[in-house]
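Residues in the sequence shown are numbered consecutively from 1084, following this note's numbering.
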Amino acid sequence: MESPESSASLPAPLRGTDAGSFTHHTIARRWPRIADRVVAENDFPDAINARIQALRNDLPDGSIRPLRDEEAPDAGLWTEYVAPHRGKTWLEAPWFFGETYFYRRLLEATGYFRSGAGARVDPFASQKDQGLVQTTDRIGALAERRMRALDEGEGAGPVLTRLFRSALWGNQADLSMWAADEEGPAHDDVAQAEEHLLVDDTATALLPLQNLERPARVDIWADNAGFELVSDLALVDGLLAAEAVGRVTIHLKAHPTFVSDATVGDVHATLQALADADEAPVRALARRLQTALASGRLRLRDAWVWTSPLRARALPLHVRADLARADLLISKGDANYRRLLGDRHWAFTTPFEEAVAPLPVPVVALRTHKSEVAAGLSRSQVDRLDEQAPDWSVNGEWGVIQSAPVDPSAAAFRPATAT
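Pasting the structure below:
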């Protein structure tokens, strides 16, 4: 919870008490369905299923309580995170807190951090596996394009522009929104994808990588496993092939969360699946990335902060100091976008660099709209979308590539008193 001083000039956070909102729908309808899927798709013993059912039944009017798996590595952190919201209902707590807390409560229910049947078992593994298997053709086409670009010696600018778009629209694959056996949003052709790209700051976003006197470091806040992760890894491959880039660091989740969010284990499993593929370009993509991992040019990190409810204005000092070492931060997906903007009721026409949290690194957000949080759009765009596609902000069909420069102020290095 933010202090009055730090939140006075900021819009209110999204909450489930917002009548008729997607936030309310998520808490009251989507989360219970996700809990039901966890039971259906895992062979957990009755005791675990009963705890999952109790969590499901607690939604949406039950009260926020402390976690009960005190032996978990993040237990102390969650004691702090829960304290300001203890006793509130799921609907009353800020949505970003509530969503990270819900997925952490699911792991409490399955016994992820305890000894027993659920220990270190990814309750979403079945969905993740299906999400990868069902996109084999798209993966093959993406790897073929990477091989062709390398063979033809195509310039970094055009290559990265295409890869930014591939990574953006890869974010449409989100198993927390659409199960692997459901049809999610997609674009039939390039023209439709371009029409649905509401903001394209690609050229500006790439400027921090130019004219450096040393190889650049690029950090990526990863989002979903499955095809989106493959599209992100293809972007990493393109970045590492550019002469200006020396290292890429991917920040992943420390435990399963948001159904399909990627962990370090998911990256290794995905690379192994690519390495075992029938198609030579897919195997070659895996080899290049595995070589980059072995050499240290590609690094995987999974700090606990990325499974926390901390919004970007409240990121701790050591996280900010690490981000300051990067030359560009690529934020992938809707949840990371919400973290950047504090999951608040910004007017959609608020300039993106005004809404984004002060950070000591240039930021580019690649995000398809799956929540009622947005900034950087024009009034004419918002009016047109509201008329033509009233659910545009949550249906995953519209995307943005938005950039903000490094914030030179002291606030970029100083966390607000917020969670």
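Quick reminder that beta carbons are idealized off the backbone N, C-alpha and C, glycines included.
Cut-off 6 Å between Cβ atoms - residues of its own chain near residue i, not counting five sequence neighbours on either side
| i | result |
| --- | --- |
| A1111 | P1143 |
| G1103 | none |
| W1509 | Beyond the ends of the chain as shown, which are 1084 and 1502, falls residue 1509; an answer cannot be given. |
| P1364 | A1226, E1227, M1230 |
| A1494 | P1441 |
| V1082 | The structure shown does not extend to residue 1082, since the chain is modelled only from 1084 through 1502, so no value can be given for it. |
| P1445 | P1291, L1411, P1488, V1489 |
| E1265 | Bear in mind that the predicted position of E1265 carries a pLDDT of just 44, short of 50, making it unreliable; the figure below should be weighed with that in mind. Cβ within range, chain order: n/a, list empty. |
| A1409 | R1300, D1302, V1444 |
| Y1420 | A1448, R1450 |
Spatial distance of residue i from residue j (CA atoms)
| i | j | result |
| --- | --- | --- |
| G1379 | R1297 | 16 Å |
| R1431 | L1312 | For the record, residue 1431 in the displayed sequence is Phe; it is not Arg. So the alpha carbons of these two residues sit roughly 28 Å apart. |
| A1192 | T1183 | 14 Å |
| S1454 | H1428 | 11 Å |
| T1244 | D1284 | 10 Å |
| P1096 | A1358 | 43 Å |
| G1479 | L1174 | 23 Å |
| L1258 | V1342 | Here L1258 scores only 48 on pLDDT, less than 50, and its place in the model is too uncertain to base an answer on. |
| I1222 | S1314 | 8 Å |
| K1415 | S1249 | 12 Å |
| R1330 | R1371 | 14 Å |
| P1488 | A1438 | 12 Å |
| R1203 | A1155 | 11 Å |
| S1463 | E1436 | 19 Å |
| W1261 | N1294 | At W1261 the pLDDT is 40, less than 50, meaning the model places this residue with poor confidence; the figure from the coordinates comes in the next sentence. Those two C-alpha atoms are separated by around 42 Å. |
| L1460 | Q1136 | 41 Å |
| R1422 | L1393 | 8 Å |
| R1450 | W1304 | 12 Å |
| A1356 | A1337 | 21 Å |
| V1121 | P1115 | 10 Å |
| D1157 | W1387 | 7 Å |
| F1196 | D1385 | 16 Å |
| G1181 | G1238 | 44 Å |
| S1146 | V1273 | 47 Å |
| R1497 | L1406 | 13 Å |
| I1117 | D1101 | 21 Å |
| E1277 | I1484 | 12 Å |
| T1109 | E1153 | 28 Å |
| L1383 | H1401 | 17 Å |
| D1469 | D1361 | 45 Å |
| E1241 | A1367 | Per the sequence presented here, residue 1241 reads as Pro, with Glu not at that position. Taking the straight line from one Cα to the other gives about 21 Å. |
Reduced DSSP secondary structure (H/G/I, E/B, other) of residue i
| i | result |
| --- | --- |
| L1138 | helix |
| G1416 | helix |
| L1316 | helix |
| W1503 | Since the first and last residues shown for the chain are 1084 and 1502, residue 1503 lies out of range. |
| R1380 | coil |
| V1456 | coil |
| A1232 | helix |
| L1251 | helix |
| P1115 | helix |
| P1291 | helix |
| R1396 | helix |
| R1098 | strand |
| L1093 | coil |
| W1475 | coil |
| F1105 | helix |
| R1497 | coil |
| E1124 | helix |
| D1405 | helix |
| G1240 | helix |
| A1386 | coil |
| D1129 | helix |
Residues near residue i by beta carbon distance below 7 Å, same chain, minus five either side
| i | result |
| --- | --- |
| A1263 | Caution applies to A1263, whose pLDDT of 44 falls short of 50 and renders its modelled position unreliable; the value that the coordinates give is listed next. Q1210, Q1213, G1214, Q1217. |
| P1206 | V1121, N1125, L1189, T1193, P1339 |
| F1185 | W1114 |
Same chain, Cβ closer than 8 Å to residue i, neighbours up to 5 away in sequence not counted
| i | result |
| --- | --- |
| T1162 | P1149, L1150 |
| L1233 | A1324 |
| P1128 | A1200 |
| W1389 | W1304, H1334, L1335, K1336, A1337 |
| T1433 | A1458, G1459 |
Residues bridged to residue i (per DSSP)
| i | result |
| --- | --- |
| Q1485 | A1448 |
| A1360 | BP columns for A1360 are empty, so no partner. |
| A1299 | V1328 |
| V1282 | V1483 |
| L1411 | V1301 |
Any non-hydrogen atom of the ligand FMN closer than 7 Å to residue i Cβ
| i | result |
| --- | --- |
| G1329 | Among the components of this structure there are no ligands whatsoever, and the ligand FMN is therefore not found. |
Unbroken alpha helix (DSSP H) runs of length 4 or more, entirely within the region 1144-1173: which are they?
-> 1158-1165
Mind listing, in chain order, the continuous alpha helix (DSSP H) runs of no fewer than 4 residues lying wholly within the region 1420-1447?
-> 1435-1438
Which whole runs of the beta strand (DSSP E) in the region 1317-1349 are 3 residues long or more, in chain order?
-> Whole beta strand (DSSP E) segments, 3+ residues: 1328-1334.
Identify every run of the beta strand (DSSP E) within the region 1178-1230, keeping only runs that are complete inside it and at least 3 residues long; order them along the chain.
-> The region 1178-1230 contains no complete beta strand (DSSP E) run of 3 or more residues.
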